[in-house]
Amino acid sequence: MTNRRIYQIILLIGGLGLVFELASRMAAEILWFQEVGYLQVFLLKLKTQGLLAAIAIAVSSVFLLGNLALARRLQHPAEEMKSPVVGALFASLRANNTGKNTGKNYEIPVAKSQISFSWLLLAVFGLSSIATFIVIHCGLLAASSITYFGIAGNLPAPPVQFGIESIQQIAVQLFSRWWQLGLLLGTMLAVVIKPDFWLRAIAIFISLAIGLIVASRWTNVLQYFHPVNFNTTDPLFNQNISFYVFILPILDLLGFGLTVVFLYSLVSCALTYLLSGNSLSQGRFLGFSRSQQRHLYGLGAASMLAIALRYWLGRYELLYARGDVTYGANYADVTVRLPCYGFLSILAGAIALLMLCQVYQFKIKNELLKKILLAWVTLTFVGGWLLPQIVQQLIVQPNELAREQPYIERSIAFTKEAFDLNTIEIKTFDPAGKLTYADLEKNQLTISNIRLWDKRPLLQTNRQLQQIRPYYTFPDADIDRYTIKAQKGDAESQQVFLAARELDYTAVAPEAQTWVNEHLVYTHGYGFTLSPVNRVGVGGLPDYFVKDIGVAAQKGETALEVTSDRIRASIPIGYPRIYYGEITDTDAMTPTKVKEFDYPSGEENVYNTYNGRGGIAIGSIWRRWLFANYLKNWQMALTRNFTPETKLLYRRNINKRVRAIAPFLRYDSDPYLVVANANLSNEDIEKAREDNGNKIKPAPSANAKSPNYLYWIIDAYTASPRYPYSDPGNHEFNYIRNSVKVVIDAYNGSVDFYVAYPSDPIINSWMAIFPGLFKPLAQMPPALRKHIRYPVDLLSIQSERLLTYHMEDPQVFYNREDLWRVPNEIYGSEQQPVAPYYLITKLPTETTEEFILLLPFTPISRNNLIAWIAGRSDGGNYGKLLLYLFPKQRLVYGPEQIEALINQDPVISEQISLWNRQGSKAIQGNLLVIPIEQSLLYVEPLYLEAERNSLPTLVRVIAVYENRIVMAENLELALKALFQQKSTNKSVIIRPVEGTAPALNSE
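Following the numbering used here, the numbering of the sequence shown begins with 143 at its first residue and continues without gaps.
Structure follows, in structure tokens:
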């Protein structure tokens, strides 16, 4: 058997293996999307990606390889020549006589276009460098596209552009990234040694890279065909914003593809001609023949057309320019760059036409074309960089505010619109300093929901006391509110911490980490802890509403301990199995002949069999082999533990699950767990209330056999980096909306997408593309809708932009006279920015308490409070923002000032120092600024924990109001001492604040 035959067999086997691998992945994905109910989403995505990749690869490869084939036919024959003209004539005659393909199309080169050896080397080096830069840039973009498809790791995605800036960036990085320098030198050497093979190989690589790049932009392509009007136009081009969000990205992608294909064709064909005829060994290049010149002129015309398109699109890119004063097109951009880009685009188009004329007849001398090209390059430098700099320095800067004022106004208006800041309701909050204990009693719901437990100490305590077994863990604890029934039949909102007890298989003993245990036995977490944010139990530990595991299983109710009948009546517990969670990264196969571990009960374990709706049936042999290959888990195909009813539960991590279905959305960093009976309608809830009357009865069950009431909610965002004049700051986007709420059933794995912001044009575009994917928020079960909340991530992003863009006056904005910042607080012994925090409180001018997300602000150069923002979460007010401004003539203490007052107080600081003895340390918790009536109350918990085996306990509560600081054992004692001033409790420390009372006297 010949070597060639062996290679053919190896290629055949490899090809069949690749086809089988792709087919198995495709079939597995189809079955998974069929399980979650979104097969049409996957098929549309697959068809779009496949079609885009096929078109891009076919068009680019045909053009690139076709031009290289033409260049090979027109290249100089490899003959040894004494005189360039005579030798070429001799070679032509020889070729005609022998009938060689290369000689048949060969023409006598133009003698005047000869190139000496030194210039030849320089030309080969320059063209090879450009080809290498194209390869590097396309390779990086293709790598980021592969990352997008979930095949590779996270690589930075370069912009879909290629021009002088890209070449400069890659050239600068050559010496810091050794592989790029090695690739440059290797490409030059390979092209010189074997130009035909390597130029074609590079062409194929570029075609494949372009196919990957285009396919990864499938979302942009679909939105291009489904644009939705924004009802806003930009002031410079008078284009609707939908043009920039939906249309311009595709035009940029087209410009990129044309530039790469035309430029590489020009470079590769020029290299083919320059290296033909043994030019390097002869020490000189004979010159370009007429046919070669025609070919190069045609490619040059195509390249200039692509450049003309890029400059025309570059006019729109001015709307995303970052200037010294503002974001978007400024005075120099509008008066200089904009007309220059338009002129350079038209000029490039005219040059392309001239070159195109040269293809048919040589009416224009080459020297004149060289001068025109040189003039165009000079104008590019002068109009694109030098002239704007001169205008900026000589015209703008001497009178910058007057010149830039209209552009500052545009940037402020469009940034506020893009980040949804223009809908903020602004009010004045003028602290009256007249809060009394009677006012606190009237606001008892607010007082009873002041958070004394922070997430960190609560999670540390949970992990010490509530994990029960080493393989359980609490990845997170989330704040939410639940309606708790009182003994009299009344109900009130209670702010709580809810923490899911998930199973961490990596924590299973190494000796027990077998295949059966991983996939058949340890399949799910169990239960949760529920604790009020304001209550302290025995020994300063959290007071739990729901805790432990296995203790109540004997009663036939639930395996979790519920501390009272009113909690049992208010919150459905059921059998809270968590098959889909935040750290659920293993694949489960159930039901099987092996029982699943359910939960520990005393010294024994309780076992169970999954009977949910989730999973893909793998009872048949072909499915077992299919998923064994897809997951590379070959024991699936060989085990005897499966039954005909066995199902595969994979992609159980909720973050990966939702991203697989809708990768075009951005997702919040903090999914949160909700306990609710989602099977109840509004009518069911009202009927239950009427039937219960004043009696406490257990919450209704949807499935009496094994009810599950656990659901994950993830906030999802639509975002775009293409909103004109909108300043993104440090974000990757300059437009964002919290348009979607995603609900995942923790037991069945079902995923539902609910539209929470129906006026968003981007989500309306996706609704048109995927009509079966999204549901209106009104269809969300009422029991779940009660738990939607304003996202912390969104308020953090909006607040970061508001710190600067609350200034609407252009002069104030220009001078940065009123910049804000997020204040710092001391946590433990270190400073950290105050994070947005949830409160149940009654906002000023409102009549009832509500669940809000609050964040205070201070001036950039001072520590006093200047404003606070509240994101509303309840009922019809969901999604609204309120901004309360403090009078600038009054001094209102900020968090840093309150922290300083606490830590510089000699009595309190002495007590904290006593606790900070060897072996233990005092931790100052989150300082909360709580608006009550027309006043501000400051509360900070104080924890004590051992340095080893940390189990934080709440030892004191510090409360501050006006000119008094109180430290007491609990919040009730602190408030009584603060407002009644009759406390005789020795554990209460009451200290006056020296100096002027804040928020009471004018400066």
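We put the beta carbon where it would ideally sit given N, CA and C, even for glycine.
The structure presented is a predicted model; accordingly, all values stated were derived computationally and were not measured.
Taking every protein chain shown into account, the CB of residue 755 has fewer than 16 other CB atoms within 10 angstroms, so this residue is exposed.
Residue 504 counts as exposed, since fewer than 16 other beta carbons sit within 10 angstroms of its beta carbon. In the three-state reduction of the DSSP assignment, residue 872 falls in the coil class.
Between the segment 723 to 742 and the segment 660 to 675, the count of Cβ pairs shorter than 8 Å is three or higher; the stretches touch. Excluding five sequence positions before and after residue 477, the CB atoms of its chain that fall closer than 7 Å to its own CB belong to 533, given in chain order. Proximity to residue 1113 across 363, 678, 975 and 1050 peaks at 678, based on C-alpha coordinates. Contact annotation, residue 447 with residue 482: C-beta distance approximately 19 Å; criterion of less than 8 Å not satisfied.
Taking C-alpha positions only, residue 473 is separated from residue 1070 by approximately 45 Å.
By the criterion of at least three beta-carbon pairs nearer than 8 Å, the segment 627 to 641 is not in contact with the segment 763 to 783.
DSSP places residue 1091 in the coil class of the three-state scheme, outside both helix and strand.
At the C-beta level, residue 1037 and residue 1083 stay beyond 8 Å of one another. Restricting attention to 470, 461 and 450, the CA atom closest to the CA of residue 492 is found in 450. When DSSP states are grouped into helix, strand and coil, residue 927 belongs to the helix group. Residues 614, 615, 616, 617, 667, 720, 723, 724, 725 and 726 of the same chain have their beta carbon placed closer than 8 Å to that of residue 644, with the five preceding and five following residues left out of the count.
As DSSP reads the structure, residue 1062 sits in a beta bridge with 1088. Taking all protein chains shown into account, residue 914 has fewer than 16 neighbouring C-beta atoms within 10 Å of its C-beta and is therefore exposed.
Around the beta carbon of residue 671, 16 or more other beta carbons sit within 10 angstroms, so the residue counts as buried. At a Cβ-Cβ threshold of 8 Å, residue 780 and residue 732 do not count as neighbours. DSSP places residue 731 inside the beta strand (DSSP E), whose first and last residues are 730 to 734. Excluding five sequence positions before and after residue 522, the CB atoms of its chain that fall closer than 7 Å to its own CB belong to 486, given in chain order. In the displayed model, residue 379 falls within coil according to three-state DSSP, outside both helix and strand. Annotated three-state conformation of residue 795 is strand, per DSSP. A contact is defined here as three or more CB-CB pairs under 8 Å, and the segment 320 to 329 fails this definition with respect to the segment 171 to 190. Residue 481: not part of any beta strand (DSSP E); member of the alpha helix (DSSP H) spanning 480 to 502, first to last residue. For residue 741, the enclosing beta strand (DSSP E) starts and ends at 738 to 743. For residue 767, the uninterrupted alpha helix (DSSP H) segment begins and ends at 763 to 773.
Counting of Cβ neighbours within 10 angstroms places residue 349 among the buried residues, the total reaching 16 or more. Every candidate alpha helix (DSSP H) stretch fails here, since none sits fully inside the segment 995 to 1042 while reaching 4 residues. Bounds of any alpha helix (DSSP H) do not take in residue 854; it lies within the beta strand (DSSP E) bounded by 852 to 862. Between the alpha carbons of residue 595 and residue 675 lies a distance of about 6 Å. With distances taken between CA atoms, residue 427 lies nearest to 263 out of 411, 279, 581 and 263. In the three-state reduction of the DSSP assignment, residue 620 falls in the strand class, which pools E and B. Distance from the CA of residue 960 to the CA of residue 1034, rounded to the nearest whole angstrom, comes to 16 Å.
Apart from sequence neighbours up to five positions away, the residues of its chain that approach residue 1015 with a beta-carbon distance below 6 Å are 931, 932 and 993, ordered along the chain. Counting only runs of at least 3 residues, the segment 944 to 990 fully encloses the following beta strand (DSSP E) elements, listed from N- to C-terminal order: 966 to 969, 972 to 975 and 979 to 983. Per DSSP, reduced to three states, the secondary structure at residue 757 is coil, with no helix or strand assignment.
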